[in-house]
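Notes to accompany the following structure.
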RNA sequence: GCGCUCUUAGCUCAGCUGGAUAGAGCAUCGGUUUUCUAAACCGAGGGUCGGUGGUUCGAGUCCACCAGAGCGCACCA
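In the numbering used here, the protein residues as written are 3 to 579.
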């Protein structure tokens, strides 16, 4: 039940009627008209800008139009307490107390689906996220995008869409060869006491490779590790598989489960790259040419080479992109073209890619490919998660690939916990860099917004416990004749915002709106709770040791929204803290 | 040189696709526990929304230019 949408519909019907009568002009599109939350210093519940939007086409001042509208609106709705016109031309409406009885009844009767955006057309989504190279465990840098992708998916699922969470495994190419070589040398180190060539900067130095090497030695007694070339094929498979084991366990510790892992090697071996490039060729978007050196770069080392290029400039990219290396093998980009063609073949309505900030430059070319292949500009949406700045003891903390001194997801979770990690990573817009201060998050865990929201839920649970009720059970209430006070209505108004929050989060793929909203709601609740100290009528449990029905549904509805929100964010709502 | 993202209180950030007197937390100062969880609450101070123009009834929000920060810019993945 979205009270803002319901009222917007009412107003649209009204002005259309007036337009039919000939007493009002309306613009072609009614898109600008909205019903919104008024600023808190106005004593009203909802507010609309209709009069201001209609002002132009009617050549009248917004105030005049508003004044003629308010009587008509009031006549049609006996739930209105006051309706008034304010300065630039807003119409402000305050409902009678009884309005909120109907509201809370409605919310309670379909608790689980409260907030679901019924206006959204049901779609099939594919959300690709993480897709870190299978060359070792996940580190903190992967964490934000992982959580972002997971929760974006959760929001879409909450809104009843069909969502598939997918991981693209880059198990092909030079990096994988280097990785496998590194494993090979670690194996020789263990078996033949041969020193690992640490000076070779192409190799992966991390300690986790020793464990991978041990696992491979233990689980296999066929392979001989004399020459890399002899075992490279089998060893690659084993090494990648060990890596994926680590990654999947990291993801599971973060509370993330992907529906599908797609392997780049499979795509390449299936000849899908050639097929996809052929499709682009048919559209005359592939040609053989040379890329010019970027200005300002050092031109001396630049070698112009004839190679196969994709005309991404046709779609707004800065330059055309190479599909083939000079040795005629495919580039990474080419196999990604194939992968996206593969996605398109699976008939999704919308593809979503979650990328790290360091891959933002990649967006234009890949959206160009999807547009070229599907003919639909909006088929692929790329969402970038900005960097996480790690801070330890007040100082920035840099990770070094060469030394292999990563902070892993494992370290992070064991230090601050899964829920705190998820909540804090989401509490900011993905467009801005995020400060993640280890010492702060750990030391000041009491100031952590996660606990603030959880505490709210725990407080409500404790009230239920006191009268032997369970917070999770449905409430069956027949009579909704209540008289909520101003302080309670303030919270009910916040509850009424929940569907709006979900709508914005889903439409714009901005999960941070959910923790931000939950924090605000919790704040209203804690404030109300403390009023009970001075004013016994604000306590939930009365002198007969019972909770009256008005307070009971009130609590139920609040806890339900918190639960829904926390489920989407993917964190626990403990009943005791 | 080019592209992407950002710039809001001392610090970290919200600001619902252009609306009304721009909001939180932290930090600082001062208060609140015989009562359902004080991991909480109440109060005070703190702002030229990076700058300059433009678009319009109306701009933190849209456009242009400028300044600053981060990320990226070949056949790596």
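Cβ coordinates follow ideal geometry from the N, Cα and C atoms, glycine included. Keep in mind that this is a model prediction, so the values were computed, not measured.
Ranked by how close their Cα comes to the Cα of residue 239, the residues 172, 429 and 290 have 172 in first place. Counting only runs of 3+ residues, the beta strand (DSSP E) found wholly inside the region 14–64 occupies 48–50, in chain order.
Judged by DSSP secondary structure, residue 96 falls within the beta strand (DSSP E) whose first and last residues are 92–97. The beta carbon of residue 370 is closer than 6 Å to those of 314, 317 and 319 in its chain, skipping five residues each way along the sequence. Taking the CA atoms as reference points, residue 513 sits about 13 Å from residue 356. Counting C-beta atoms within 10 angstroms of its own C-beta, residue 387 has 16 or more neighbours from the protein chains shown and is therefore classed as buried. A distance below 8 Å separates the beta carbons of residue 56 and residue 67. By the beta-carbon neighbour count (other beta carbons within 10 angstroms, threshold 16), residue 468 is exposed. For residue 430, the CB contacts under 7 Å within the same chain, skipping 5 residues up- and downstream, are 436 and 514 in chain order. The alpha-carbon separation between residue 85 and residue 71 amounts to approximately 10 Å. With a threshold of 16 other beta carbon atoms within 10 Å, residue 124 falls short and is exposed. For residue 265, the beta-bridge partners assigned by DSSP are 171. Cβ neighbours of residue 307 within its own chain (closer than 6 Å, five residues either side excluded): 328. For residue 384, the uninterrupted beta strand (DSSP E) segment begins and ends at 382–387. For the pair residue 574 and residue 245, the Cα-to-Cα distance works out to about 29 Å. In the structure shown, residue 182 adopts helical secondary structure according to DSSP, grouped into three states. Ranking 507, 525, 284 and 214 by CA distance to the CA of residue 496 puts 525 first. In the three-state reduction of the DSSP assignment, residue 305 falls in the coil class, being assigned neither a helical nor a strand state. Out of 202, 243, 148 and 203, the CA that lies nearest to the CA of residue 215 is found in 243. The Cβ-Cβ distance between residue 5 and residue 52 does not fall below 8 Å. In the DSSP assignment, residue 242 falls outside any beta strand (DSSP E) and lies within the alpha helix (DSSP H) extending over 230–256.
Taking all protein chains shown into account, residue 434 has fewer than 16 neighbouring C-beta atoms within 10 Å of its C-beta and is therefore exposed.
Nearest to residue 502 by C-alpha distance, out of 211, 118 and 234, is 118.
Sixteen is the threshold: when 16 or more other Cβ atoms of the shown chains lie within 10 Å of the Cβ of residue 340, as they do, the residue is buried.
It is roughly 35 Å from the alpha-carbon of residue 98 to the alpha-carbon of residue 452. Annotated three-state conformation of residue 410 is strand, per DSSP.
Membership of residue 390 in the beta strand (DSSP E) is indicated by the continuous run 390–394. At the C-beta level, residue 374 and residue 282 come within 8 Å of one another. In the structure shown, the three-state DSSP call for residue 339 is helix.
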